[in-house]
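Numbering (our numbering), first residue to last: 1012 to 1263.
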């Protein structure tokens, strides 16, 4: 239910960079309904290679992570598209897109953007780690767990995953990976619980920043926030159901 041109920002976001996908949306004349659907796909399934490797190192197979995110993105876009009409209508590409930038300029811009992203990731990880260690020392973690306990039950996650879920959902997979891997080393979660957590934040991460970015395009953030939350919840409970049936039907 999207025009062929929508493949451009979606594929770029999946393989290269979420922000590169945003830049393409900014220059193409999509309708607001089309932008909502593209935004939903991009926020769920972006930077699959980099973030897949990150999740692989912290408990979720990279292939499974990629398939879950693409599947969740496709199904979410299909469901939400039923609320709109005419989202498959083609758009007219601006003539300016036919102009090709010099290769050296493209490489230069890529290098600058990548360097800035690395610095940003480092700074945020350090700040989050410092905040978590301070919270543990001051005994604040138990209040975080208590506050998010009802939400964890809805998501199908254990209470002990509250801190890691808040880190991933709030700051993203790249920024939260170091925190999650540090908690994993402490043995806070079982293998299955860790897999449930990774599935949840694979679909529903960096919710504040990404929703805020698309607000600049006129997107109501509720379309993104509610849909991703529901998709993550369904995915985790589906996985739990499959694992339960597997244990019952195929006992060791």
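The beta carbon of each residue, even a glycine, is placed where N, CA and C say it ideally should be.
Residue 1029 is classed as buried because its beta carbon has at least 16 other beta carbons within 10 Å across all chains shown.
Each of 1165, 1148, 1204 and 1149 was checked against the Cα of residue 1175, and the nearest Cα belongs to 1204.
In the three-state DSSP reduction, residue 1101 falls in the coil class, being neither helix nor strand. In the three-state reduction of the DSSP assignment, residue 1240 falls in the helix class, which pools H, G and I. 9 angstroms or more divides the Cβ of residue 1185 from the Cβ of residue 1025. Residue 1038 and residue 1227 have their C-alpha atoms spaced approximately 13 angstroms apart. When the Cα atoms are used, residue 1179 and residue 1066 turn out to be separated by approximately 11 angstroms. C-alpha of residue 1201 to C-alpha of residue 1192: approximately 13 angstroms in a straight line. When secondary structure is reduced to three states using DSSP, residue 1014 falls in the coil class, being assigned neither helix nor strand. The residue from 1055, 1220 and 1163 with its alpha-carbon nearest to that of residue 1242 is 1055.
For residue 1238, the closest of 1220, 1036, 1092 and 1042 by C-alpha to C-alpha distance is 1092. Considered as a whole, the segment 1202 to 1233 harbours 1202 to 1214 and 1218 to 1226 as its complete alpha helix (DSSP H) runs of no fewer than 4 residues, in chain order. A residue is called buried once 16 or more other Cβ atoms fall within 10 Å of its Cβ, and residue 1231, having fewer, is exposed. Here the C-alpha atom of residue 1034 lies approximately 35 angstroms from the C-alpha atom of residue 1163. Scanning 1149, 1225, 1190 and 1031 for the CA closest to the CA of residue 1050 turns up 1225. Residue 1096 carries a coil assignment under DSSP once its states are collapsed to helix, strand and coil. Per DSSP, residue 1058 lies in no alpha helix (DSSP H) segment and is marked neither H nor E.
Rounded to whole angstroms, the separation of the alpha carbons of residue 1137 and residue 1089 is 38 angstroms. Per the coordinates, the alpha-carbon of residue 1167 lies some 19 angstroms from the alpha-carbon of residue 1075. Taking each of 1195, 1219 and 1244 in turn and checking the Cα distance to residue 1071, the smallest one comes out for 1195.
If you draw a straight line from the Cα of residue 1123 to the Cα of residue 1206, it is about 34 angstroms long. By the neighbour-count criterion, in which a residue is buried when 16 or more other Cβ atoms sit within 10 angstroms of its Cβ, residue 1157 is exposed. Distance between residue 1087 and residue 1045, taken at the CA atoms: about 14 angstroms. The residues 1055, 1214, 1242 and 1246, in chain order, have a CB closer than 7 angstroms to that of residue 1083 in the same chain once the five nearest residues on each side in sequence are set aside.
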